[in-house]
Amino acid sequence: MVRALREAVDETREEIVKEGINKSLPHSILDKSYSLLKSYTSYNLKPVINATGVVIHTNLGRSALNKKSLDNVVTVSQCYSNLEFNLESGERGNRYSHIVGLLKEITGAEDAMVVNNNAAAVMLCLTALAKDKEVIVSRGELVEIGGSFRIPDIISQSGAFLREVGTTNKTHSHDYLGAINENTAMILKVHQSNYKMIGFTEEVIIEDLTALSHKHNIPVMFDLGSGCLIDLKPYGIHTEPPVQDIVKKDVDLITFSGDKLLGGPQGGIIVGRKKYIEILQSHPLTRVVRVDKFTLSALEATLKEYVSSDTAIKNVPTLNMLLQDLDLIKKRARKIASGLRKLIPDANITVLKDSSQAGGGSLPGIEFQTYVIKIKPSKMSVNRLEKKLRNGKTPVITRVKDDMITLDSRTVMDNQLSLLFESFKNAL
Ligand SMILES: *Cc1c(COP(=O)(O)O)cnc(C)c1O
Numbered sequence: 275m276v277r278a279l280r281e282a283v284d285e286t287r288e289e290i291v292k293e294g295i296n297k298s299l300p301h302s303i304l305d306k307s308y309s310l311l312k313s314y315t316s317y318n319l320k321p322v323i324n325a326t327g328v329v330i331h332t333n334l335g336r337s338a339l340n341k342k343s344l345d346n347v348v349t350v351s352q353c354y355s356n357l358e359f360n361l362e363s364g365e366r367g368n369r370y371s372h373i374v375g376l377l378k379e380i381t382g383a384e385d386a387m388v389v390n391n392n393a394a395a396v397m398l399c400l401t402a403l404a405k406d407k408e409v410i411v412s413r414g415e416l417v418e419i420g421g422s423f424r425i426p427d428i429i430s431q432s433g434a435f436l437r438e439v440g441t442t443n444k445t446h447s448h449d450y451l452g453a454i455n456e457n458t459a460m461i462l463k464v465h466q467s468n469y470k471m472i473g474f475t476e477e478v479i480i481e482d483l484t485a486l487s488h489k490h491n492i493p494v495m496f497d498l499g500s501g502c503l504i505d506l507k508p509y510g511i512h513t514e515p516p517v518q519d520i521v522k523k524d525v526d527l528i529t530f531s532g533d534k535l536l537g538g539p540q541g542g543i544i545v546g547r548k549k550y551i552e553i554l555q556s557h558p559l560t561r562v563v564r565v566d567k568f569t570l571s572a573l574e575a576t577l578k579e580y581v582s583s584d585t586a587i588k589n590v591p592t593l594n595m596l597l598q599d600l601d602l603i604k605k606r607a608r609k610i611a612s613g614l615r616k617l618i619p620d621a622n623i624t625v626l627k628d629s630s631q632a633g634g635g636s637l638p639g640i641e642f643q644t645y646v647i648k649i650k651p652s653k654m655s656v657n658r659l660e661k662k663l664r665n666g667k668t669p670v671i672t673r674v675k676d677d678m679i680t681l682d683s684r685t686v687m688d689n690q691l692s693l694l695f696e697s698f699k700n701a702l
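When you line the sequence shown up against the numbering used here, it's residues 275 to 702, in that order.
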């Protein structure tokens with residue numbers, strides 16, 4: 275309390291120097307100390323309301339977990355667990371055993387494991403299988419995703435050598451064939467994730483790559499990035515084959531994120547041939563990038579939702595938000611607009627059709643139809659309101675477009691509506 279009062283007095287002194295004495299000085303000192311006091315005991319990492327419409331928003335924590343997954347984290351973590359203990363034999367167990375069965379069943383792969391994130395998964399595979407040897411990658415797939423993950427840099431960090439083939443727009447099967455030599459450790463295919471090439475382009479499809487490499491006894495790895503576990507074709511999305519389909523193409527190792535389209539906790543999932551997964555599991559780097567019980571308990575619960583596509587779409591928030599009915603989005607938008615009209619009767623508030631994106635390097639170029647609420651306040655500038663909403667107790671992250679605050683109804687969760695209204699009330 276003393277610290278809060280001192281800081282408040284200091285701040286007020288500075289204000290007086292700058293702006294002169296204000297009549298309500300004692301009140302302002304008390305108000306300031308009160309909010310400082312609250313800030314000492316509140317958490318810095320906190321929930322926000324995502325009104326951007328970007329479902330897999332990396333800066334806003336990517337995928338929200340569903341209740342069952344959260345509950346499972348609490349249940350498993352508040353006491354001891356069988357994390358690495360085999361209850362049947364009474365001996366030391368394997369921490370991956372809790373999710374291997376599920377991942378094998380869902381994807382059809384021979385074996386599976388999970389590490390800290392997909393970047394770690396890629397790094398681990400390269401280090402364990404290709405160190406001091408060559409990895410063949412098409413020049414059209416040397417991607418950079420957010421947060422400085424760049425394929426050439428990761429390959430060089432792993433101790434492997436990048437062997438680029440083809441050109442930016444076109445890579446042919448004979449380009450790969452011509453690059454294979456006695457020092458080749460792997461052919462790597464990388465999902466383009468966050469960009470799309472159009473026009474005079476060509477890539478070698480994965481089944482041709484596996485046929486070619488297996489003839490030469492070389493493993494093929496596919497860094498899928500997002501990695502979707504359900505078929506999106508019924509939803510009009512034909513560019514993202516599910517992991518199950520890739521497994522069928524005889525790919526030796528497939529890596530993907532736990533918190534992109536899968537909608538679970540942060541994690542790097544590796545599925546593929548048992549003989550390679552075994553090499554990975556016994557590599558020292560695995561210990562460095564291993565997952566904890568939070569990840570495993572959340573992932574196990576999320577994977578259980580994949581018992582069918584319908585269940586997953588219903589119960590995994592990321593899929594649910596991405597594939598939700600346009601009517602529902604519209605209804606929510608109208609509800610938000612009418613709530614806001616009551617709060618700010620003099621503002622200009624409209625509901626409009628717009629489009630949102632998946633985000634997180636997933637489904638590039640695909641526009642999802644949505645409804646947005648546009649707000650033009652009359653007593654405050656748009657930028658000031660945007661900032662106040664962002665700095666409130668429950669921050670609301672919005673977009674400013676055409677000098678209007680834009681809220682995308684898609685990513686505003688139904689259980690956050692009253693918080694949203696409260697945040698507006700406070701901001702105003
Ligand atoms: C997102 C992505 C990664 C990194 O995954 P993280 O889970 O963020 O570590 C790696 N490769 C590709 C192609 C990606 O899209």
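Even glycine gets a Cβ: it sits at the ideal position worked out from N, Cα and C.
Own chain partners of residue i with C-beta closer than 7 Å, once the 5 adjacent residues on each side are dropped
{"i": "H490", "result": "I454"}
{"i": "L334", "result": "V322, N324, I671"}
{"i": "S652", "result": "D620, A621"}
{"i": "V625", "result": "A607, R608, A611, Y645, I647"}
{"i": "K548", "result": "E384, D385"}
{"i": "V590", "result": "N340, G537, T576, E579"}
Rounded Cβ spacing between residue i and residue j (contact assumed at less than 8 Å)
{"i": "S487", "j": "V494", "result": "5 Å"}
{"i": "A395", "j": "G633", "result": "At roughly 20 Å, the Cβ-Cβ gap does not stay under 8 Å, so A395 and G633 are not in contact."}
{"i": "I551", "j": "M387", "result": "6 Å"}
{"i": "I610", "j": "L694", "result": "7 Å"}
{"i": "A459", "j": "L403", "result": "6 Å"}
{"i": "S630", "j": "D676", "result": "Not really, about 17 Å apart at Cβ, beyond 8 Å."}
Cβ shell of residue i (< 6 Å), same chain only, five flanking positions each side left out
{"i": "L597", "result": "Y509, I587"}
{"i": "N346", "result": "S571, A575"}
{"i": "P669", "result": "V322"}
{"i": "L311", "result": "A278"}
{"i": "R413", "result": "E438, G440, T441, T442"}
{"i": "E415", "result": "V464"}
{"i": "A338", "result": "P591"}
{"i": "S343", "result": "A572, A575, T576"}
{"i": "N391", "result": "Q540, G542"}
{"i": "L357", "result": "R369, K567"}
Closest by C-alpha distance to residue i, when choosing among the options
{"i": "G452", "options": "L334, N443, R437", "result": "R437"}
{"i": "A383", "options": "V389, N392, I373, N390", "result": "I373"}
{"i": "K567", "options": "T349, K648, K605, G327", "result": "T349"}
{"i": "H446", "options": "T475, I380, E418, H465", "result": "T475"}
{"i": "E281", "options": "T585, N443, G294, Y314", "result": "Y314"}
{"i": "S309", "options": "K292, G294, M275, E293", "result": "M275"}
{"i": "L376", "options": "L577, K648, E696", "result": "L577"}
{"i": "G546", "options": "G421, G414, L527, K342", "result": "L527"}
{"i": "I330", "options": "I623, T592, L344", "result": "T592"}
{"i": "V581", "options": "I380, V565, T624, E514", "result": "I380"}
{"i": "G666", "options": "K341, N318, A278, L304", "result": "N318"}
{"i": "G501", "options": "Q466, I295, G440, I492", "result": "Q466"}
{"i": "I689", "options": "I504, M654, R606", "result": "The sequence shown places Asn at residue 689, rather than the Ile named in the question. Selected option, being the one with the closest Cα: R606."}
{"i": "S556", "options": "I492, L398, V283", "result": "L398"}
{"i": "Q518", "options": "S692, K507, L503", "result": "L503"}
{"i": "I461", "options": "V525, I511, N356", "result": "V525"}
{"i": "S697", "options": "I520, V565, I472, L614", "result": "L614"}
{"i": "M595", "options": "V389, R336, D482", "result": "R336"}
{"i": "G639", "options": "I472, S371, E362, F359", "result": "I472"}
Residue i - containing beta strand (DSSP E), residue span
{"i": "A395", "result": "Run containing A395: none in the beta strand (DSSP E); it sits in the alpha helix (DSSP H), 392-404."}
{"i": "V389", "result": "385-389"}
{"i": "L663", "result": "Not the beta strand (DSSP E): L663 falls in the alpha helix (DSSP H), residues 656-664."}
{"i": "I461", "result": "458-464"}
{"i": "N622", "result": "622-630"}
{"i": "Y354", "result": "Careful: Y354 lies outside any beta strand (DSSP E) and carries neither H nor E."}
{"i": "L527", "result": "527-531"}
{"i": "T644", "result": "642-650"}
{"i": "K699", "result": "Element bounds for K699: not the beta strand (DSSP E) but the alpha helix (DSSP H), 691-701."}
{"i": "E408", "result": "408-412"}
{"i": "D682", "result": "678-682"}
{"i": "V562", "result": "Run containing V562: none in the beta strand (DSSP E); it sits in the alpha helix (DSSP H), 558-562."}
First and last residue of the uninterrupted alpha helix (DSSP H) at residue i
{"i": "D519", "result": "517-522"}
{"i": "L536", "result": "Taken as a continuous stretch (DSSP letters only), L536 belongs to no alpha helix (DSSP H), as it is neither H nor E."}
{"i": "M595", "result": "591-597"}
{"i": "E289", "result": "276-293"}
{"i": "K548", "result": "548-555"}
{"i": "G613", "result": "600-617"}
{"i": "D449", "result": "447-453"}
{"i": "L376", "result": "371-381"}
{"i": "M312", "result": "At residue 312 the sequence reads Lys, which differs from the Met that was named. First-last of the alpha helix (DSSP H) with K312: 299-315."}
Proximal residues to residue i (C-beta, below 8 Å), its chain only, five neighbours per side dropped
{"i": "G420", "result": "T332, N468, G635"}
{"i": "V674", "result": "V656, N657, E660, T680"}
{"i": "I428", "result": "A393, V396, M397, L400"}
{"i": "L498", "result": "H465, V517, I520, I528, T529, F530"}
Give the residues whose C-beta lies closer than 5 Å to at least one heavy atom of ligand 1, in chain order. Ordered along the chain, the selected set is N391, N392, A393, I419, H465, S467, D497, G499, S531, G635.
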